[in-house]
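Numbering (our numbering), first residue to last: 7 to 471.
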């Protein structure tokens with residue numbers, strides 16, 4: 007067994023009888039026996055929290071081997087939940103999809119009642135829809151609006167469906183005390199019942215269980231490097247990912263008190279909570295040059311949130327924030343700029359050999375719907391997308407046609423009103439709406455009223471002449 011950087015080279019499936027190997031065999035046997043005892047001692051549905059990292063892979067493999075070893079009449083349907091935020095680093099996303107497919111295929115072909123379920127945020131909770139569509143500023147440590155939307159809510163909904171079907175659930179975590187001092191402290195604070203389970207604060211009728219709590223990092227790597235999984239895909243790619251990147255482990259997030267996964271090997275590539283994405287930089291430094299446009303874009307949106315000229319002086323609900331020295335959402339012109347730069351980054355990523363896309367047509371449509379509500383009458387997001395060969399169905403342009411019909415009706419029913427004047431007034435009003443608050447003498451309504459009065463005065467002056 008050879009150690010290199012952050013991982014092991016897979017050598018064989020068995021260990022020579024040394025004191026170290028005897029110890030490893032002992033803890034593996036003890037953990038599997040404990041898993042078996044707990045599994046047969048409860049009727050709860052078991053759910054393995056799977057992030058794709060070494061710890062969650064370790065507990066998933068141990069549980070799967072235990073489940074497969076049971077007589078058929080003692081096996082029962084069990085699950086793993088994997089979170090796909092839709093902003094996972096593309097190379098990690100491909101890796102996770104391959105692992106999930108391999109495990110689910112093996113379970114199905116061998117009649118093992120186990121399935122990995124992948125959950126994703128709804129379109130209204132999507133990262134791009136909120137950042138670019140609604141103008142939410144890039145997340146910070148104090149405004150981490152993304153975690154609940156991208157990870158906690160989708161997982162919570164899936165767990166709720168399983169609980170509804172089976173009555174209760176046990177969420178099995180790969181958490182270990184040795185991960186960090188904070189992790190050890192938080193795990194030791196948990197109140198355990200006589201089975202060693204603790205109540206989950208947010209998931210109803212759900213307990214949590216951490217079978218690897220006493221395992222060391224070396225124990226985890228030693229097990230993974232010497233025990234090939236039952237499914238077809240081995241851990242060689244996992245070892246490669248750890249060897250090429252730096253950063254911390256990303257846990258399966260179920261509560262807002264847990265730290266952000268940004269900068270970790272299995273976190274979101276757009277995370278601006280951390281100052282630097284060491285993991286992404288690690289891949290770039292070791293030859294994955296196609297990831298550089300992603301890192302550059304992340305740095306861009308991180309700096310952009312500090313630019314007061316890119317932000318409104320009010321919140322989305324209309325309350326002024328400038329009085330307290332605060333900043334509101336991104337301005338409409340900023341959102342347009344962000345979308346264009348994201349698509350430029352995607353084009354460069356693909357040109358350098360990257361696979362897949364950074365934003366989908368569905369997400370762009372979601373952005374357009376938000377822009378329609380806030381400021382846009384011209385399907386700007388769709389037009390920008392088409393400049394980068396992002397296909398959008400023609401049926402989604404009906405709203406723009408409707409806008410034109412409304413404008414023409416205004417002009418037709420009001421003598422002396424010209425279409426160009428109405429269009430100019432609308433665009434100016436939207437610009438004011440997106441740069442002013444909604445209360446006070448300098449509010450958006452007051453400013454728009456001034457523009458209308460100015461247009462009327464100009465028309466009156468022209469008629470008199």
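Quick reminder that beta carbons are idealized off the backbone N, C-alpha and C, glycines included.
Treat the numbers as computed from the prediction; the structure is a model and nothing was measured.
query, result
"Among 367, 395 and 397, the one whose alpha carbon lies nearest that of residue 475", "Residue coverage of the chain in this structure runs from 7 to 471, which leaves residue 475 outside it and unanswerable."
"Span separating the alpha-carbon of residue 338 from that of residue 377", "8 angstroms"
"Distance, residue 384 Cα to residue 108 Cα", "45 angstroms"
"Residue 105 and residue 239 closer than 7 angstroms at C-beta", "yes"
"Among 300, 273, 211 and 31, the one whose alpha carbon lies nearest that of residue 170", "211"
"Sequence-distant residues of its chain with Cβ nearer than 6 angstroms to residue 198 (five each side left out)", "204"
"Reduced DSSP secondary structure (H/G/I, E/B, other) of residue 41", "helix"
"For residue 86: DSSP bridge partner residues", "54 and 122"
"C-alpha gap between residue 65 and residue 98, whole angstroms", "19 angstroms"
"Any 3 or more C-beta pairs closer than 8 angstroms across the region 207–222 and the region 158–175", "yes"
"Whole-number beta carbon distance between residue 92 and residue 126, since they are thought to touch under 8 angstroms", "6 angstroms"
"Per-residue DSSP class, three states only, for residue 283", "coil"
"Spatial distance of residue 180 from residue 60 (CA atoms)", "9 angstroms"
"Continuous alpha helix (DSSP H) stretch holding residue 175: start and end", "Per DSSP, residue 175 belongs to no alpha helix (DSSP H); it is in the beta strand (DSSP E), 175–178."
"Where residue 94 falls: helix, strand or coil (DSSP)", "strand"
"Delimiting residues of the alpha helix (DSSP H) encompassing residue 340", "338–357"
"7 angstroms Cβ cutoff met for residue 289 and residue 297", "yes"
"Exposure label - residue 352; buried when at least 16 CB within 10 Å", "buried"
"Contact set for residue 164: own chain, Cβ-Cβ below 8 angstroms, skip 5 residues either direction", "87, 123 and 125"
"Which of helix, strand or coil DSSP assigns to residue 239", "coil"
"Simplified DSSP assignment, three categories, for residue 29", "helix"
"Segment contact flag, the region 276–291 with the region 145–165, C-beta cutoff 8 angstroms, min 3 pairs", "yes"
"Beta-carbon contacts of residue 30 that lie in its chain and below 8 angstroms, excluding the five residues immediately before and after", "21, 225, 228, 229 and 232"
"Host alpha helix (DSSP H) of residue 386 (start-end)", "386–393"
"Residue 299 versus residue 48: straight-line alpha-carbon distance, rounded", "49 angstroms"
"Continuous alpha helix (DSSP H) stretch holding residue 306: start and end", "298–310"
"For residue 460, the three-state DSSP class (helix, strand or coil)", "helix"
"Straight-line gap, residue 285 to residue 243 (C-alpha atoms, nearest Å)", "16 angstroms"
"Neighbourhood of residue 390 by C-beta, 8 angstroms cutoff - its chain only, sequence neighbours within 5 removed", "342, 345, 346 and 349"
"Residue range of the beta strand (DSSP E) that includes residue 214", "212–215"
"Selected residue, minimal CA-CA separation from residue 62, among 361, 215, 430 and 379", "215"
"Between the CA atoms of residue 393 and residue 318 - distance to the nearest angstrom", "28 angstroms"
"Counted within 10 angstroms of its Cβ, other Cβ atoms place residue 359 as buried (16 or more) or exposed", "exposed"
"Backbone secondary structure at residue 152 - three-state DSSP", "helix"
"Contact under 7 angstroms by Cβ, residue 219 with residue 183", "yes"
"Residue 142 Cβ short of 6 angstroms to the ligand GDP heavy atom set", "The ligand content of the structure shown is nil, which means the ligand GDP is not present either."
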